[in-house]
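Residue numbers for the sequence shown, in this note's numbering: 56 to 234.
No residue lacks a Cβ here, since even glycine has one placed at the ideal position from N, Cα and C.
Let me begin by presenting the structure, written as structure tokens, before commenting on it.
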Amino acid sequence: FMVDTTPPPIPEIVTYIPDPTNDNTPTLRWNNVSGAVSYRVQLSNNSSFTKITADSIKTTTFVTINTPVSDGMKYWRVASRDNLTNQSTFSISDSFMVDTVPVNIVVVSPYGGEIWETGSEYKIIWEAIDNIGIKAIAIYYQIDAGTIWTKIDSLESGFTSPDTLLWIVPNTPTSMARV
């Protein structure tokens, strides 16, 4: 007789999107593997998988993490299994950031009631706090009591709090402008 110890091929992970996410019960997906009848999926808070936070066997090519995960970086990987429970090695891991706490932003200046002259340069000052970190900030203004917002600028890195942006006020006179 023969003993089959050959595992099926290693599954390929589908990158988790969006990253970062505010979904603390994410659905993780991978590609189907020929010869696999189930998949072992592991989730961890560290890339070395020394502490597994979720470990499950699935017959589908996805898993929804039912127990909400904490905020922070998450790592996951998957292995395929055949009908004799031969298991492939784990896939290359994927990672994503869970951030369920909204960013707290306070505009310090303009505070309200200031008169800014068109064509003049002023400082927009804000404070932004987040439990995970801030990846980007976009600054907008409006001149019509809040229905149409126009982008002033976006910043991708190097944040401090408070932070500032020098802005030349456009020639759109109004008494209802907001930043």
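Ile-223 versus Asp-199: straight-line alpha-carbon distance, rounded: On the sequence shown, residue 223 is found 168 positions in, with the first residue counted as 1. On the sequence shown, residue 199 is found 144 positions in, with the first residue counted as 1. Straight-line spacing of the CA atoms in Ile-223 and Asp-199 works out to 19 Å.
Met-57 (DSSP reduced to helix, strand or coil): By one-based count along the sequence shown, residue 57 stands at place 2. Coil at Met-57, not helix or strand.
Selected residue, minimal CA-CA separation from Ser-82, among Thr-122, Lys-106, Pro-66: Sequence index remark: in the sequence shown, residue 82 carries index 27 (1-based). The residue you asked about is not Ser; residue 82 is Thr in the sequence shown. Cα-wise, what sits closest to Thr-82 is Thr-122.
Where Ser-146 falls: helix, strand or coil (DSSP): Taking the sequence shown and counting its residues from 1, one reaches residue 146 at position 91. Under the three-state reduction of DSSP, Ser-146 is assigned to coil, being neither helix nor strand.
Contact check, Pro-157 vs Val-234, beta carbons under 8 Å: For this step, residue 157 is matched to residue 102 along the sequence shown. For this step, residue 234 is matched to residue 179 along the sequence shown. No.
DSSP beta-bridge partners of Val-133: Along the sequence shown, read from residue 1 onward, the residue named residue 133 stands at position 78. DSSP output for Val-133 lists Val-96 as bridge partner(s).
Thr-108 Cβ short of 7 Å to the ligand GDP heavy atom set: Of the ligands one can find in the structure shown there are none, so the ligand GDP has no counterpart to examine.
Residues near Trp-204 in its chain [Cβ-Cβ closer than 6 Å; skip 5 each side]: Counted from its first residue, the sequence shown places residue 204 at position 149. Correct list, in chain order: Tyr-195, Gln-197.
Alpha-carbon spacing of Ile-107 relative to Ala-191, whole angstroms: The residue you call residue 107 lines up with position 52 of the sequence shown. The residue you call residue 191 lines up with position 136 of the sequence shown. If you take the alpha carbons of Ile-107 and Ala-191, they lie about 31 Å apart.
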